[in-house]
Amino acid sequence: MKREWFALSVVLVVAVLFPAMLFGYQAWRSRAPGMQVIDVVARLPEEGGFVPDRLRLVAGEPARLRLTSPDVVHGLTIPGLGIDIETIEPGRVVTIDLTPAAPGRYAFACTRWCGVDHWRMRGVIEVTGVAGGGTASAMPTAEPPLYQQLGLDIDAMRHETHVMPEVQPSAARGAALEVSLPPDLAAANRRRALAPTDAFAQSRAEAAMTSLSDRDLWDLVAWAWLRDTQPEALERAERLYARDCAACHGPEGRGDGSAGQDLPGMQKMDPAMPAGPADFTAAARMLGASDALLQGKLLRGGMGTGMPEFGSLYTSEEQWAMVAYLRGFLFGR
Amino acid sequence: MRYALSDISIVKRILRSRWLQWGLTAVTLLFFVLAILAGFFGTRAGNRNFGIVFVWIIWWAVLILLLIPFAGRLWCTMCPIPAPGEWLQRRALVQPRPGARLYTLGHKWPRRLRNIWAQNTGFLIVALFSAVILTSPGITALVLALFVVVALVTSLVFERRTFCRYLCPVGGFIGLYSQAAPVEIRVKDTAICASHTEKTCYTGSDEGYGCPWLLFPGGLQANTFCGMCTECLKTCPKDNVALYLRPPGADLWQTKGHKLDEAYKGFIMLASALVYSAVLIGPWGFLKEAARSVGSTAWFVYAVAFLGLNLLVVPGLFWLSVRLGQGRRPARTRALFADYATVLVPLGLTAWIAFSLSFVLANLSYAWPVLSDPFGWGWNLLGTAGLAWTPYLSGLVPYLQTPLLLGGLVAAVALALRTARQHGQSPWAALPVTVFCAIATLGFMGLYVA
Chain B
1 MKREWFALSV
11 VLVVAVLFPA
21 MLFGYQAWRS
31 RAPGMQVIDV
41 VARLPEEGGF
51 VPDRLRLVAG
61 EPARLRLTSP
71 DVVHGLTIPG
81 LGIDIETIEP
91 GRVVTIDLTP
101 AAPGRYAFAC
111 TRWCGVDHWR
121 MRGVIEVTGV
131 AGGGTASAMP
141 TAEPPLYQQL
151 GLDIDAMRHE
161 THVMPEVQPS
171 AARGAALEVS
181 LPPDLAAANR
191 RRALAPTDAF
201 AQSRAEAAMT
211 SLSDRDLWDL
221 VAWAWLRDTQ
231 PEALERAERL
241 YARDCAACHG
251 PEGRGDGSAG
261 QDLPGMQKMD
271 PAMPAGPADF
281 TAAARMLGAS
291 DALLQGKLLR
301 GGMGTGMPEF
311 GSLYTSEEQW
321 AMVAYLRGFL
331 FGR
Chain C
1 MRYALSDISI
11 VKRILRSRWL
21 QWGLTAVTLL
31 FFVLAILAGF
41 FGTRAGNRNF
51 GIVFVWIIWW
61 AVLILLLIPF
71 AGRLWCTMCP
81 IPAPGEWLQR
91 RALVQPRPGA
101 RLYTLGHKWP
111 RRLRNIWAQN
121 TGFLIVALFS
131 AVILTSPGIT
141 ALVLALFVVV
151 ALVTSLVFER
161 RTFCRYLCPV
171 GGFIGLYSQA
181 APVEIRVKDT
191 AICASHTEKT
201 CYTGSDEGYG
211 CPWLLFPGGL
221 QANTFCGMCT
231 ECLKTCPKDN
241 VALYLRPPGA
251 DLWQTKGHKL
261 DEAYKGFIML
271 ASALVYSAVL
281 IGPWGFLKEA
291 ARSVGSTAWF
301 VYAVAFLGLN
311 LLVVPGLFWL
321 SVRLGQGRRP
331 ARTRALFADY
341 ATVLVPLGLT
351 AWIAFSLSFV
361 LANLSYAWPV
371 LSDPFGWGWN
381 LLGTAGLAWT
391 PYLSGLVPYL
401 QTPLLLGGLV
411 AAVALALRTA
421 RQHGQSPWAA
431 LPVTVFCAIA
441 TLGFMGLYVA
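From first to last, the protein sequence lines are chains B and C. Here this note's numbering is used: the first residue of the first sequence is 1, the next is one more, and so on. Here this note's numbering is used: the first residue of the second sequence is 1, the next is one more, and so on.
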């Protein structure tokens with residue numbers, strides 16, 4: 001009988017105590033006194049994306065996010081909280097400890113091209129001012145983006161250039177001219193409202209520019225568009241482009257990325273326009289678009305064209321840096 | 001040409017110990033419990049889940065590469081699936097309780113179902129959903145738990161290990177291929193059995209239970225249904241049962257008198273190996289997608305093709321081969337069909353081993369992280385959670401697969417010739433079956449090597 005009891009005890013240890021120990025260890029390991037712990041599962045967007053995709057935290061109170069992926073490699077960025085996780089590997093747990101300083105709504109997104117709907121893989125963290133508080137405080141009220149201030153209809157505009165340069169404009173050649181820029185081109189805030197083709201037309205009419213050939217003037221315009229942007233900002237934009245844009249717009253900005261081949265593009269708005277992602281090397285369209293227009297498209301997205309919005313993920317500086325980076329596809333680096 | 005391993009005193013002592021089966025089962029039960037828990041509660045990422053990695057990579061590798069070819073049905077000795085039912089039925093885990101009432105209705109399995117058709121059906125069902133089962137921890141856990149429940153209920157209603165003998169989908173093919181193993185449990189002298197009126201090997205004694213597999217060891221001719229539980233070694237008062245080392249495949253040399261259900265197990269295993277190879281390691285994404293998308297039109301097409309290949313096409317081609325070999329005297333096609341099907345044992349076993357080599361060595365390194373973090377919860381118990389996936393000996397695999405498959409073909413051809421001889425046919429009668437085997441081998445080689 002003793003043998004039976006021993007055998008039964010061992011079986012009970014295996015079948016009951018052993019599982020209890022496993023779960024107990026996990027509970028002990030997961031404890032985080034005084035800290036809100038949220039498990040977030042990062043699934044393929046077609047399977048639900050981030051679950052949950054709406055998190056509620058309290059400003060000044062520490063929280064721990066534990067991210068896992070059941071399917072493919074994902075990434076995570078929470079720009080407003082300065083968090084960038086390059087890899088959430090399937091079956092691994094990524095732990096992020098954070099203490100949001102200020103109330104607000106902080107968007108987060110996947111940063112890996114995890115599937116065809118990758119760009120839909122977004123979420124938001126609502127940080128309230130006090131524990132148990134109601135809705136999240138609104139983000140500090142910012143002034144409307146420039147395209148709205150200018151009243152630009154970014155869906156309707158075809159923004160084609162009035163004048164086509166005979167050769168591709170070059171910022172480097174423009175810099176070498178060492179010519180003073182007209183006021184509209186020298187001041188960033190005024191230049192952003194202009195399309196390069198308008199800037200060319202205005203400059204062409206100025207007496208000080210009569211000595212320049214059309215080609216030189218286009219080069220000068222190109223230089224004007226790129227000269228303000230700091231190298232560090234361009235490097236940041238380059239990384240963001242590789243992360244967020246290249247899959248559709250292509251690594252060289254030609255609109256030939258494999259992920260964008262089936263997107264409707266601007267044809268959704270105007271059947272006469274080409275389908276698919278924008279070609280940033282196409283002078284006809286890029287020279288007709290102002291920076292304000294490009295920023296608008298970037299921060300608001302394409303409304304059915306397949307272009308996601310990046311306004312919730314990019315700071316204003318990053319948006320302008322990205323616009324400058326996009327100009328570089330036509331004007332050179 | 002046999003050697004009685006159990007004549008070695010230490011081996012005999014181990015085999016006759018009542019702790020042997022319980023001890024082995026307790027160890028596998030530990031892993032089994034962990035696999036089910038990880039399946040239900042761990043990460044859905046299969047390569048980071050103990051349930052998937054240890055069931056479908058480690059257990060499968062141990063089973064098909066080591067246990068079956070070298071130890072026959074040894075897995076059935078230690079399998080944890082029927083253990084709860086058996087323990088409950090006996091109301092004991094180790095010691096026999098002579099005369100005690102068993103906790104079962106003790107019904108006999110219906111006579112019409114005393115074959116392995118139910119096992120064939122069960123295997124086909126599992127195989128049909130295998131692309132999902134093999135990659136989804138939750139479903140793997142569900143299937144394992146379901147097996148335990150079915151085994152438990154079966155043991156409460158029917159006598160002994162009826163589940164293992166007639167229902168277990170895994171047991172069917174283990175039994176089939178265990179005929180190729182170099183070990184067997186047999187009686188030493190059948191005359192002693194004949195004169196032993198008590199037949200304690202079947203009825204049980206103070207030393208152990210009557211054969212749980214419903215066999216009379218004295219009449220044992222093949223490993224197919226012997227679960228190697230060693231009860232008969234314990235209950236035989238005349239020390240007339242032994243564990244023998246023997247030439248591999250000795251059971252197969254008697255090629256007459258085989259049954260259709262066993263033949264079909266051979267076809268199902270061969271066709272399944274082909275389909276698994278194409279779906280799981282082949283380059284055809286659409287096939288993988290169809291096999292995974294259960295309920296879709298593509299899956300129904302896949303299911304029809306899978307079942308058709310298993311139940312009609314492969315057996316049909318084999319029947320045609322057997323029939324062609326008969327020439328103008330097609331009188332005994334059915335009997336010949338079942339007997340010639342013994343060629344499928346070496347052919348199928350080597351195909352499964354070759355198939356398993358292709359993914360086991362490639363995926364073995366997933367074992368180290370899941371040992372440290374079985375649930376994918378971020379543990380690192382042994383410090384191996386961060387070890388990266390590394391395929392082992394991938395360059396060597398084709399050099400192992402090719403001789404394996406060719407070895408299987410040679411054995412199959414030898415069996416075909418022997419079948420022809422035992423049925424009084426000319427050796428040329430085995431030619432169509434030989435061609436069938438050669439084509440199957442070429443098919444596997446095309447999938448694995450080319």
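Note that beta-carbon positions come from the ideal geometry of N, C-alpha and C, so glycine has one too.
Just how far apart, CA to CA, sit residue i and residue j?
| i | j | result |
| --- | --- | --- |
| A282/B | P183/B | 27 Å |
| L417/C | I174/C | 25 Å |
| F40/C | F18/B | 16 Å |
| T99/B | P79/B | 14 Å |
| L320/C | L124/C | 23 Å |
| D279/B | A32/B | 50 Å |
| S137/B | R112/B | Per-residue confidence for S137/B stands at a pLDDT of 43, beneath the threshold of 50, marking its modelled position as unreliable; no derived number is given. |
| W389/C | W368/C | 9 Å |
| I281/C | F359/C | 8 Å |
| M139/B | P103/B | Any reading at M139/B must be qualified, since the residue scores a pLDDT of 48, below 50, and its modelled position is unreliable; the value itself is stated next. Taking the straight line from one Cα to the other gives about 8 Å. |
| G483/C | Y302/C | Here chain C has residues from 1 to 450 only, and residue 483/C is not among them. |
| L347/C | Q179/C | 13 Å |
| T255/C | P247/C | 16 Å |
| I36/C | L393/C | 30 Å |
| P45/B | V51/B | 10 Å |
| L396/C | N363/C | 15 Å |
| Y221/C | L344/C | Before going further, note that residue 221/C is Gln rather than Tyr in the sequence given. Q221/C and L344/C: Cα-Cα distance of roughly 19 Å. |
| S296/C | A131/C | 14 Å |
In chain order, what residues of the same chain lie with their CB nearer than 7 Å to the CB of residue i, ignoring the 5 residues before and after it?
| i | result |
| --- | --- |
| C110/B | A42, H74, G75, L76, H118, M121 |
| L260/C | A338 |
| V413/C | T434, C437 |
| P145/B | Q295, G296, L299 |
Suppose the cutoff is 6 Å on Cβ atoms and the five residues either side in sequence are ignored; what does the same chain contact list for residue i look like?
| i | result |
| --- | --- |
| T28/C | M78, P80 |
| P96/C | G208, Y209 |
| Q89/C | L102, Y103, T104, S155 |
| W352/C | I64, A273 |
| G253/B | F280, T281, F329 |
Show which residues of chain C have a CB atom less than 7 Å away from the CB atom of residue i.
| i | result |
| --- | --- |
| L22/B | L37 |
| V14/B | A26, L29, L30, V33 |
Chain C partners of residue i, CB-CB under 8 Å?
| i | result |
| --- | --- |
| F18/B | L30, V33, L34 |
Say whether chain C places a C-beta atom closer than 9 Å to the C-beta of residue i.
| i | result |
| --- | --- |
| T68/B | yes |
| A7/B | yes |
| V357/B | What the structure shows of chain B is the stretch from 1 to 333, and residue 357/B is not part of that stretch, so it cannot be assessed. |
| R29/B | yes |
| D71/B | yes |
For a contact meaning CB atoms closer than 7 Å, what does residue i contact in chain B?
| i | result |
| --- | --- |
| W377/C | Q26, V93 |
| V94/C | R3, E4, A7 |
| W22/C | A7 |
Under 9 Å, Cβ to Cβ, is there at least one residue of chain B near residue i?
| i | result |
| --- | --- |
| N454/C | Any question about residue 454/C goes unanswered here, given that chain C covers just 1 to 450. |
| P369/C | yes |
| R101/C | no |
| R292/C | no |
| R16/C | no |
| W87/C | yes |
Apart from the five residues on each side of it in sequence, which residues of its chain come closer than 8 Å, Cβ to Cβ, to residue i?
| i | result |
| --- | --- |
| L387/C | S365, W368, P369 |
| F158/C | T104, L105, G106, H107, K108, W109 |
Whose Cβ in chain C lies nearer than 9 Å to the Cβ of residue i?
| i | result |
| --- | --- |
| P90/B | T43, R44, A45, G46, N47, R48, G376 |
> Okay, do the region 200–219 of chain C and the region 127–140 of chain C touch, 3+ Cβ pairs below 8 Å being the bar?
Replying inline: no
>> Taking 8 Å as the cut-off, does the region 171–186 of chain C touch the region 265–279 of chain C (at least 3 CB pairs, one atom from each stretch)?
In response: yes
>> For the structure I just gave you, are there three or more beta carbon pairs, one from the region 57–69 of chain B and one from the region 19–27 of chain B, closer than 8 Å?
In response: no
> Three or more beta-carbon pairs under 8 Å between the region 159–169 of chain B and the region 185–203 of chain B, yes or no?
Replying inline: yes
> Would the region 369–379 of chain C and the region 287–305 of chain C be scored as touching if the rule is three or more Cβ pairs under 8 Å?
Replying inline: no
> On the three-pair Cβ rule with 8 Å, is the region 423–431 of chain C touching the region 311–327 of chain C?
Replying inline: yes
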